[in-house]
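In what follows, a single structure is set out as structure tokens and then discussed.
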Amino acid sequence: MRSSTFALIVASLVIGFPAALAAGPRPECTYQVNNIKSTDTCASVSAWSTVSVQTIEKLNPGIKCDTPGMGVSSLCLQEITLPCTLNATAWESKCNDLASEYQLSVDQFVQLNNNVNDACSNLVAGEPYCVSTAECYPGNHIPYC
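Whatever position you read off the sequence shown (first residue = 1), add 318 for this note's numbering.
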């Protein structure tokens with residue numbers, strides 16, 4: 319009984335691991351403020367931007383809301399996560415070849431896949447990864463693209 323329970327746990331982890339790696343784009347800041355004053359706080363930025371303090375904190379991890387200047391040189395006040403429009407299956411653990419096949423830099427590939435580390439070295443062969451958030455993408459042969 320003990321060994322069958324162990325086997326079930328191991329099988330669950332192995333089967334569940336790829337499913338936990340559902341690829342998707344990372345959020346992108348669509349409204350960034352670069353002229354932060356040394357007297358600004360999250361409350362003062364919230365007052366002129368109408369973005370709540372809670373949202374400012376969520377969009378800017380590590381911000382020091384009650385400290386003048388907030389410890390940052392720029393703030394994100396709005397972000398969007400675009401849906402993936404094209405997935406490709408990985409055939410190796412690094413993304414260089416897959417990224418270049420879709421005319422992406424490694425940084426762009428990482429931005430498109432929230433489950434990929436910055437070194438782009440943790441791909442799972444056989445799993446799908448996002449390679450575009452645009453309807454028309456490099457290599458798409460749809461006539462209107």
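The beta carbon of each residue, even a glycine, is placed where N, CA and C say it ideally should be.
- The beta carbon of V428 is closer than 7 Å to those of V434, D436 and C438 in its chain, skipping five residues each way along the sequence.
- Under the 8 Å Cβ criterion, the segment 387-406 counts as touching the segment 355-366, having at least three qualifying pairs.
- Judged by their CB atoms, S364 and I374 are nearer to each other than the 9 Å cut-off.
- Collapsing the DSSP output to three states places N405 in a strand.
- Under the 10 Å beta carbon count, I381 is surrounded by 16 or more other beta carbons and is classified as buried.
- Cβ contact annotation for T399 (same chain, cutoff 8 Å, sequence separation greater than five): G342, P343, R344, P345 and E346, in chain order.
- Nearest Cα to N352 within the set C394, A443 and T407: C394.
- At the C-beta level, V424 and N414 come within 9 Å of one another.
- Secondary structure of T373 (DSSP, three-state): helix.
- Around the beta-carbon of Y349, fewer than 16 other beta-carbon atoms lie within 10 Å, marking it exposed.
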